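Report on one structure; see the data block that follows.
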Amino acid sequence: MQSLFSVFDLKTLKIKNRIVFPPVVCFHYCGEDGLVTDRNLIHYQLVAEGGSGIVIIEATAVKQDGRLAPLQLGIWSDAHIPGMQKIASLVKKAGAVSLLQIHHAGLVTHEMVSGRAQGPSVDVNNPRSYQLSASEIADIRDAFISGATRARKAGYDGIELHGAHGYLLNQFASSYFNKRDDEYGGSLAKNLKLATDIIRGIRKACGADFIIGYRLGANAPLLQDGIEIAKHLENAGIDLLHVSHGGSLLNLPRTPKDFEFNWIVYSGTEIKKQVGIPVIVVNEIKTQGRASRLIEHNQADFVAIGRPQLADPNWVNHVKNNEKINPCLSCKPKCRWFEDSGLCPARRAMSNEQ
Ligand SMILES: Cc1cc2nc3c(=O)[nH]c(=O)nc-3n(C[C@H](O)[C@H](O)[C@H](O)COP(=O)(O)O)c2cc1C
Numbered sequence: 009m010q011s012l013f014s015v016f017d018l019k020t021l022k023i024k025n026r027i028v029f030p031p032v033v034c035f036h037y038c039g040e041d042g043l044v045t046d047r048n049l050i051h052y053q054l055v056a057e058g059g060s061g062i063v064i065i066e067a068t069a070v071k072q073d074g075r076l077a078p079l080q081l082g083i084w085s086d087a088h089i090p091g092m093q094k095i096a097s098l099v100k101k102a103g104a105v106s107l108l109q110i111h112h113a114g115l116v117t118h119e120m121v122s123g124r125a126q127g128p129s130v131d132v133n134n135p136r137s138y139q140l141s142a143s144e145i146a147d148i149r150d151a152f153i154s155g156a157t158r159a160r161k162a163g164y165d166g167i168e169l170h171g172a173h174g175y176l177l178n179q180f181a182s183s184y185f186n187k188r189d190d191e192y193g194g195s196l197a198k199n200l201k202l203a204t205d206i207i208r209g210i211r212k213a214c215g216a217d218f219i220i221g222y223r224l225g226a227n228a229p230l231l232q233d234g235i236e237i238a239k240h241l242e243n244a245g246i247d248l249l250h251v252s253h254g255g256s257l258l259n260l261p262r263t264p265k266d267f268e269f270n271w272i273v274y275s276g277t278e279i280k281k282q283v284g285i286p287v288i289v290v291n292e293i294k295t296q297g298r299a300s301r302l303i304e305h306n307q308a309d310f311v312a313i314g315r316p317q318l319a320d321p322n323w324v325n326h327v328k329n330n331e332k333i334n335p336c337l338s339c340k341p342k343c344r345w346f347e348d349s350g351l352c353p354a355r356r357a358m359s360n361e362q
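Counting from 9, one number per residue, gives the positions in the sequence shown under the working numbering.
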């Protein structure tokens, strides 16, 4: 029977266990140039040595004017390659597979980054929103492909396209945001034309062995849509699917009464039943017991453990060696790491003890 520490073969890669460090932005670690700093390196060194089989590097902007925040890592120019090379190399040295999450914020591009928030369609609630023309969409497609090509040059095993959380690829995929009636909207295939063109372009530029992952917003806007999108992306050539939430919180799927996880994990397990590629599930999995059950019952191929690994970067090693874990304190209304990682109370408590 497969377990949390079973090896997984993905193309040419042997992944040492089923635990993923999911992408987690560290907004204040870099400057407006988006270049990797020593702070990023120290962070990823700790993360990589923590023991996850796959480390996904945080949302990294493919275009300067599509950033989620002014201080976000970038991969929009060749100047980003040397710093990214350092991260890829330390992840590899720790024995983990490295994926770079590549990202465009679309309609939620930060106002300090651009006067316009570009998306598939105008968002009536956002006066900065702007509907992209077909040639501007082609520019963004090329920026994703160039970003992936730079990631490959930097030594990453692959990329993850950020198609969740209400960002640009999620906006195109979901009829909740995409109201177009041209080649980029109006049917499932058209809504996914941008993603499909990016996937095919990356495959052509980066080769058969390069891992193309996709983080999917499962409620797009309904789970049934998420399932159809997942099948379409599999046919388009992705290697790995990471199921998270989409931008809208309407019509969320109901989880069966006896299902022990939340609707996001439920969506991942439902999508896994419908596709042949490996699936990562995520969100509030929290404990070793819960993570193990998902793998052992074949409800997922991988589990992503986010905030618990922020609170205790050695979470995976501790689980493996049956050692005490420094628990995430589930800060409300949201994780303090968004503001500044130095504010994480669990991490602060840990360093006070040392
Ligand atoms: C501080 C912080 C930053 C995040 N940054 C990203 C990101 O860059 N890209 C992304 O897809 N998700 C991001 N997420 C979502 C996480 O990858 C993950 O899905 C979420 O934390 C739920 O998993 P968990 O309950 O195991 O923490 C972030 C979450 C947190 C708490």
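All residues carry an ideal CB built from backbone N, CA and C; glycine is no exception.
What you are looking at is a predicted structure, and each value in this text was computed from that prediction instead of being measured.
Among the candidates the options, whose CA atom is the shortest distance from the CA of residue i?
i, options, result
"Asn134", "Leu169, Leu107, Phe185", "Phe185"
"Ile206", "Gly221, Asp217, Ser195", "Gly221"
"Lys101", "Ala197, Ile62, Val33, Trp271", "Ile62"
"Phe16", "Ser359, Ala308, Trp323", "Ala308"
"Gln93", "Gly58, Lys201, Thr45, Ala125", "Thr45"
"Asn325", "Asp41, Gly58, Pro30", "Gly58"
"Arg136", "Gly350, Arg188, Gly245, Ala125", "Ala125"
"Pro335", "Ile313, Gly350, Asn48, Leu98", "Ile313"
"Ile288", "Pro264, Phe310, Asn330", "Phe310"
"Val32", "Ile65, Gly127, Ile148", "Ile65"
"Asp165", "Ile333, Met9, Ile23, Ser338", "Ile23"
"Ile219", "Ser338, Asn25, Leu18", "Leu18"
"Val70", "Leu21, His36, Asp150, Leu140", "Asp150"
"Asn25", "Ile333, Ala244, Ala299", "Ala299"
"Leu257", "Pro264, Asn227, Gly42", "Asn227"
"Glu361", "Asp190, Asp320, Leu140", "Asp320"
"Val105", "Thr20, Ser338, Asn330, Arg188", "Thr20"
Near residue i, what residues of its chain come up, given a Cβ to Cβ distance below 6 Å and the 5 sequence neighbours on each side ignored?
i, result
"Leu345", "It should be pointed out that residue 345 corresponds to Trp in this sequence rather than to Leu. Cβ within range, chain order: Leu318, Cys352."
"Ala159", "Leu108, Ile167"
"Leu176", "His112, Gly114"
"Ala203", "Leu177"
"Glu236", "Leu196"
"Leu231", "Pro261, Ser275"
"Asn322", "Gly58"
"Leu337", "Pro353, Ala354"
Keeping to the same chain, check which residues put their C-beta closer than 8 Å to that of residue i; ignore five residues upstream and five downstream.
i, result
"Gly225", "Gly171, Ala172, His173, Gly174, Asn178, Ala181, Ser182, Gly234, Ser252, His253, Gly254, Gly255"
"Ile153", "Ile206, Gly209, Ile210, Ala213"
"Arg262", "Trp271"
"Leu98", "Leu49, Tyr52, Gln53, Ala56"
Within the same chain, show all residues whose beta-carbon is closer than 7 Å to that of residue i, passing over the 5 residues directly before and after it, in chain order.
i, result
"Val121", "Asp73, Arg75, Pro78"
"Glu119", "Arg136"
"Lys280", "Val287, Gln307, Ala308"
CA-CA distance, residue i and residue j?
i, j, result
"Ser11", "Glu304", "5 Å"
"Thr277", "His88", "36 Å"
"Pro229", "Val116", "18 Å"
"Val55", "Tyr274", "27 Å"
"Phe269", "Pro286", "19 Å"
"Val132", "Cys38", "33 Å"
"Ala378", "Phe267", "Outside the displayed range of the chain (9 to 362) lies residue 378, so it cannot be described from this structure."
"Asp247", "Gly284", "10 Å"
"Arg315", "Cys343", "8 Å"
"Gly82", "Leu169", "14 Å"
"Ala142", "Ser359", "51 Å"
"Arg301", "Met9", "11 Å"
"Asn306", "Ser14", "12 Å"
"Gly91", "Ala162", "8 Å"
"Ser85", "Lys239", "32 Å"
"Thr157", "Ile110", "11 Å"
Residue i by DSSP, collapsed to three states: which one?
i, result
"Tyr37", "helix"
"His250", "strand"
"Ala159", "helix"
"Val289", "strand"
"Gly59", "coil"
"Gly193", "coil"
"Ala77", "coil"
"Lys281", "coil"
"Ala102", "coil"
"Glu347", "coil"
"Lys22", "strand"
"Thr117", "coil"
"Val311", "strand"
"Val327", "helix"
"Val28", "strand"
"Tyr138", "strand"
"Thr149", "Just to set this straight, residue 149 is Arg in the shown sequence, not Thr. If DSSP states are grouped into helix, strand and coil, Arg149 belongs with the helices."
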